[in-house]
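Notes for the one structure printed next.
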Amino acid sequence: MAFLGYDENNRNHRFMRSVAITAISLVVFLILWWVVTVIMNDKNFPTPDKVFEALWSLLLYGDPIGGHSLWEYIAVSLKTFINGFGLALVVAVPLGLILGYVKPLREFTAPWIEVVRPIAPIAWAPIFVLSFGSQLGPALVVFIGIFFPLLTNIIFGVQRIDKNWLDASKTLGATQGQLFYKIVLPATVPYILNGIKVGLGVGWMCIVAAEIYNKFGGIGQYLVDMVNGGLMANAFSAIIIIAVLGLMTTGVAEYVSKVVSRRMGMDA
Amino acid sequence: MDNKIIAIILVVIVAVAGVAVYFMMSGNGGGDDDAKGLSIVGRVNSEGSGILLKPSEDPADYITVTDEMPGFGAKFIYNEAEELYYVFNVETWGGKVFATPGAATIQHVQLMELASLMGLKYVSYTEGSALSKDTLYYVAGVPSFSEFTNKIKTSPLVGFIIWEAQYAVGVVEGYKGLALTNDLFEGHTCCIIGTSNKFIKHNEDTLATFFSVYVEAVKQVNAAIADPDSVAYSNLLAIAKNRVSMPDGMTDEEKVEAIELALRHVTYVYADDETGSLTDLKSDISELAESLVAANQINKSASDLGFKSYDALADKFVQDKYMKEAISGNYVEPTVVKKINVAAISGDIHQIALWYAIDMTMFAEKNLAVIVSGQGNGPAVYGLLSNGEADIGFLGAPPMTIRSMNAEEIHA
Amino acid sequence: MSKEELVIEGQKYDSKDRIRADRTDMLYKDIPEGSPLVKIRDLNVTYRTDEKTTVAVDNISFDINKGELISIVGPSGCGKSTILRCISGLLQPTSGTIMIGDRLCTTAGSDRGMVFQDFALFPWRSVRKNVEFGLEIAGVPKEERRERSDRYLKSMGLLDFADSRVHELSGGMKQRVGIARAMIMHPAVILMDEPFGALDAQTRNILQESLVNVLKNSHRTIVFVTHSVDEALYLSDRVLVLSKRPASIHQIIEVPGDRPRDRGAPEYAKMRKEILDYLETQNTM
């Protein structure tokens, strides 16, 4: 890219370049979307302009049918999401560390994990909502989506710990307990963060499943209601909102992960 | 690897993908010069829904039934046939949460009308929201009594507006019956028969034959209900027990009790009258469409779709020609077996005449192989109608109207 | 599966017995300089896989004298590191005993400190916190830790980097940290497993010289495993020459001359040639 006097070493130039690339990419995406919807000519796939109109209306005026603002729906979904996420953290981190560290336990529980893990959260949704009610049920659906990627990342991380660190600590007198707190725990932090990042993405996918069966509001339920009512542009705008929420949370997780890894000197 | 080769490979991949997409799409779209859109071609039932309250509630707090004219400013509905006033105690209704079977169902729309009558806002209940006295809240998407009882446990739900036989099940299970829609909305349209214009174009005789069987089934069902001692009645009960979904915990007697109660509440029809006319249905649909546009559930008005008025829209949307043909015998029965795909709502007693005709093999006698796909609700039935998987659909008037207008399946 | 799990009939030592005090050298202050501190008797390490049994270390016996720096050299893969890991307690031998003073060595502990070829520093800790790690484990109070780590960092020339992250350091500096971390504990024995093997020749020389410097001012007992005969002759009081696997002792050579030594001096050249010739025979056989 020698034209326009682009200077690779100039920080501002590099920034402008990435902005330009992102912008052009988005524009091309919109054009492709438009072209595809026109070719498809399917009433269920609205053109981008209709979707943005619906999105704008949603942002400003909320949902006239349900009588709530977009923020109320997001608040409901966010609450479910945070509950599920918190629960997953609290369970998966200690469990993952223990299973990663204690081989016989890991081998013993491996079949359970392998059998339950592939079951999609949406399959659990009706059961959880039915059995655990409207507060815990949907949170559990999100929980089970985040739990497994998080757990497997942590178990993997514990096993990837450089044996030399453990050896060095032993020759400095560390007891088993000290090994755990001073070596295993900090060494696993990048893997925990990575697991969180992956899990967060999955968590938002579970929100729709959770809300379909719970029916007590949220952006996922709005999506389903719009589909049922044939208001596809609104449904797509809900998809965009969910995607943005997902992006934001994983973006935050990515940033935290980078900052912590760098501070811990483990980003190399 | 040479850049040129990479570029060529990419172009080839995109081209192949494009061709594949094109073929898939053209498969879906079908012949572009074929008839498009959907029409309503018959009735299924009128009335046949009710409002339940949970056992701890007292119906008298909600509605007072009296033959005296209520005072000025009272919110009420006058039932002509019974000459009774149903007076709504707005104080009790304000801030309460009711379940409905779905945002596009007739029951939901009716509850919305009640809220409007009472001057209450009609808003969806969201988890943890404060309940304000100037609003009636709904939880949409509760299609059965069992699910209602489940949802009560963890929410402030107090009542449920639902179709038969779930209303009857609720009464048999000890819940309080607040009112029937028959009383509040006399003679109201409920389910209708929808079909695609493409199906009509190529299968007019088959459709008329189907209707002739269906009309006969409706007559037999009504006769059976009028004569509880007849064989036809016990057949009907047996078919209903099979086809209507009811909670596991009920005994056999309880199930029969619920069915019998439900059958008495539903009015089974095929058209406005015996000639097959659907003129009244047209005006019902016109009113329904207009009110749903006002309620924002339909985002295209009649004029958006090219019609001068809602009446004009309903006039195109509702076609009674085929029902009339069926009744007057103005059709040719198929000589070879014709397959018809029908979508209906499973577990719903409104559509029992359809199941009756099938279980009594009435369609087979006329060379019709009718395959019914049971769906959970109206929008699901609509979905099959709209993508061509079902030729005929039995569903509520609201879902049919809402979805058809939103998807522009009706235009001038 | 790690090699440690393949060792047959090895005893499983309980980590409950792990020593974690600093200044464990004081435990053996009554042993005079130059007399045996660590006694290795009939050390045998045998590995077994499904197909075959391999003897890595074949009944080796030798002493490590207090205050000496003894190197272990031998052909590649002969088992030098294995012996070192047995002494450290990170590996349990198949048979044989290792006594330090009159105590039997069992599991790893702070009385036998170790310096690793790839440094094994903790990246989430600063340089200073790496050096202080053993003291933390031993429960030394904060001010004393700080004061001691200051001294060691200063003598290693790392004081300016005390709060830096490990990855900001060059290879040579990282190993200085590794050495400081081990030495600050004053273990009874320091084990060094090819500590300069990952460094370039110049840095290697510089670190050898700093090690010599450190030894000038304090008495340490060091066991030094290395590939480099030159290094062994430059640093050690004695050199243990091993045969190829299964390792047995070929020769123990006394290296004369006070440190720092002249690398080019003729007596070293002669020893060097002898050892290298021997090693070559081992390598080609």
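Chains as they are written, first to last, in our numbering: chain W, 1 to 268; chain R, 269 to 680; chain Y, 681 to 965.
Ideal Cβ positions, reconstructed from N, Cα and C, are used throughout, including at glycine.
**Item:** Nonlocal neighbours in the same chain, by C-beta distance under 7 Å from R/Ser498, ignoring five residues either side
**Value:** These residues qualify, in order along the chain: Ala492.
**Request:** Using a Cβ cut-off of 9 Å, pull out every chain W residue sitting near R/Glu395, in sequence order please.
**Result:** Those within 9 Å of R/Glu395 in chain W are Val76, Lys79, Thr80, Ser134, Gln135, Pro138, Asn214, Phe216, Gly217, Gly218.
**Message:** Along the chain, where does the beta strand (DSSP E) containing R/Leu379 start, and where does it finish?
**Reply:** Per DSSP, R/Leu379 lies in no beta strand (DSSP E) segment; the continuous alpha helix (DSSP H) that holds it begins and ends at 374–386.
**Asked** Given a limit of 7 Å on CB to CB distance, which residues of the stretch 623–652 of chain R reach chain W?
**Response** Here the close residues are Pro647.
**Request:** Step through the CB atoms of chain W and report whether any lies within less than 8 Å of the CB of Y/Pro940.
**Result:** Not an interface residue.
**Asked** Going along the chain, which residues of the stretch 885–903 of chain Y sit with their C-beta nearer than 8 Å to a C-beta in chain W?
**Response** So nothing in the stretch comes that close.
**Prompt:** Using a C-beta to C-beta distance shorter than 7 Å, which residues of chain W count as neighbours of R/Asn418?
**Reply:** The contacting residues are Leu130.
**Message:** Please classify W/Phe108 as buried or exposed, where buried requires at least 16 neighbouring CB atoms within 10 angstroms.
**Reply:** Per the 10 Å Cβ criterion, exposed.
**Request:** Mark W/Gly255 as exposed unless 16 or more other C-beta atoms lie within 10 angstroms of its C-beta, in which case mark it buried.
**Result:** It is Tyr, not Gly, that sits at residue 255 of chain W in the sequence shown. Exposed: under 16 other Cβ atoms inside 10 Å.
**Under 8 Å by beta carbon: chain W residues contacting R/Gly370** = Chain W residues near R/Gly370: Asn228.
**Prompt:** In this structure, what does DSSP give as the bridge partners for Y/Leu723?
**Reply:** In the DSSP secondary-structure assignment, Y/Leu723 is bridged to Y/Ile740.
**Message:** Suppose you measure from the CA of W/Val259 to the CA of Y/Asp798; what does that come to, to the nearest Å?
**Reply:** Their Cα atoms are separated by approximately 26 Å.
**Asked** At a cut of 8 Å, does the stretch 658–670 of chain R reach the stretch 386–394 of chain R through at least three beta carbon pairs?
**Response** Under the 8 Å Cβ criterion, the stretch 658–670 of chain R does not count as touching the stretch 386–394 of chain R, having fewer than three qualifying pairs.
**Request:** If I'm right that R/Val640 touches R/Glu525 with Cβ under 8 Å, what's the distance once you round it to whole angstroms?
**Result:** Their Cβ separation, rounded to whole angstroms, is 27 Å, which puts R/Val640 and R/Glu525 out of contact at 8 Å.
**Asked** Applying the criterion that 16 or more other CB atoms from any shown protein chain within 10 Å of the CB defines a buried residue, is R/Gly318 buried or exposed?
**Response** That one is buried.
**Asked** Is the stretch 49–69 of chain W touching the stretch 229–240 of chain W, taking contact as three or more C-beta pairs under 8 Å?
**Response** At 8 Å Cβ cutoff, the stretches touch.
**Item:** chain R residues whose Cβ lies nearer than 9 Å to that of W/Lys43
**Value:** Those are Ser654, Asn674, Ala675, Glu676, Glu677, listed as they occur along chain R.
**Request:** Compute the distance between the beta-carbons of Y/Leu920 and Y/Val892, then report whether it is under 8 Å.
**Result:** Cβ distance not < 8 Å, so Y/Leu920 and Y/Val892 don't count as in contact.
**Request:** Answer yes or no: does any C-beta atom of chain Y fall closer than 8 Å to that of W/Ala168?
**Result:** Residue-level contact check: W/Ala168 touches chain Y, since one or more beta carbons of chain Y fall below 8 Å from its beta carbon.
**Prompt:** Can you tell me whether DSSP reads W/Thr188 as helix, strand or coil?
**Reply:** If DSSP states are grouped into helix, strand and coil, W/Thr188 belongs with the helices.
**Message:** Please classify R/Ile277 as buried or exposed, where buried requires at least 16 other C-beta atoms within 10 Å of its C-beta.
**Reply:** Classification of R/Ile277: exposed, given that the 10 Å Cβ count is below 16.
**Prompt:** Going along chain W, which residues have a C-beta under 9 Å from Y/Val846?
**Reply:** Within 9 Å Cβ-Cβ: Gly265.
**Asked** Between the beta-carbon of R/Val280 and the beta-carbon of R/Phe366, is there less than 8 Å?
**Response** Taking 8 Å as the Cβ cut-off, R/Val280 and R/Phe366 do not qualify as a contacting pair.
**Asked** Which class does W/His68 belong to by DSSP, given the choice of helix, strand or coil?
**Response** DSSP, read as helix, strand or coil, puts W/His68 in strand.
**Neighbouring residues, chain R, relative to W/Pro64 (Cβ below 7 Å)** = Neighbours of W/Pro64 in chain R, taken as residues whose beta carbon is under 7 Å from its own, are Asn564 in chain order.
**Message:** Does Y/Glu934 come out as helix, strand or coil in the three-state DSSP assignment?
**Reply:** In the three-state reduction of the DSSP assignment, Y/Glu934 falls in the strand class.
**Request:** Return yes when the Cβ of Y/Leu770 is within less than 8 Å of the Cβ of W/Asp167, no when it is not.
**Result:** Yes; because the gap between Cβ atoms is below 8 Å, this pair is in contact.
**Asked** Which residue from Y/Val894, Y/Lys709, Y/Leu764, Y/Ile778 puts its Cα closest to that of Y/Glu874?
**Response** Residue Y/Leu764 is the option with its Cα nearest to Y/Glu874.
**Asked** Between the C-alpha atoms of W/Thr47 and R/Met628, what's the straight-line distance to the nearest angstrom?
**Response** Computed Cα separation, rounded: 48 Å.
**Message:** Using the three-state DSSP reduction, which class does R/Ser314 fall into: helix, strand or coil?
**Reply:** R/Ser314: strand per DSSP, three-state reduction.
**Through-space distance from R/Gln619 to W/Val227, alpha-carbon basis** = So the two alpha carbons sit approximately 24 Å from each other.
**Request:** Would you please verify whether the beta carbon of Y/Phe841 is less than 8 Å from any beta carbon of chain W?
**Result:** Contact with chain W is absent for Y/Phe841, since none of that chain's Cβ atoms lies less than 8 Å from the residue's Cβ.
**Prompt:** Ends of the alpha helix (DSSP H) at Y/Ile767?
**Reply:** Looking at the DSSP string, the run of the alpha helix (DSSP H) that includes Y/Ile767 is 760–768.
**Request:** With 8 Å as the threshold, decide whether the Cβ of W/Asp225 is near any Cβ in chain R.
**Result:** Closer than 8 Å to some Cβ of chain R, the Cβ of W/Asp225 qualifies, so yes.
**Proximal chain R residues relative to W/His13, where beta-carbon distance stays under 7 Å** = Using a Cβ-Cβ cut-off of 7 Å, W/His13 is close to nothing in chain R; its nearest Cβ partner there is about 24 Å away.
**Asked** To the nearest angstrom, how far is it from the Cα of R/Ile626 to the Cα of R/Ala288?
**Response** Roughly 41 Å between the two C-alpha positions.
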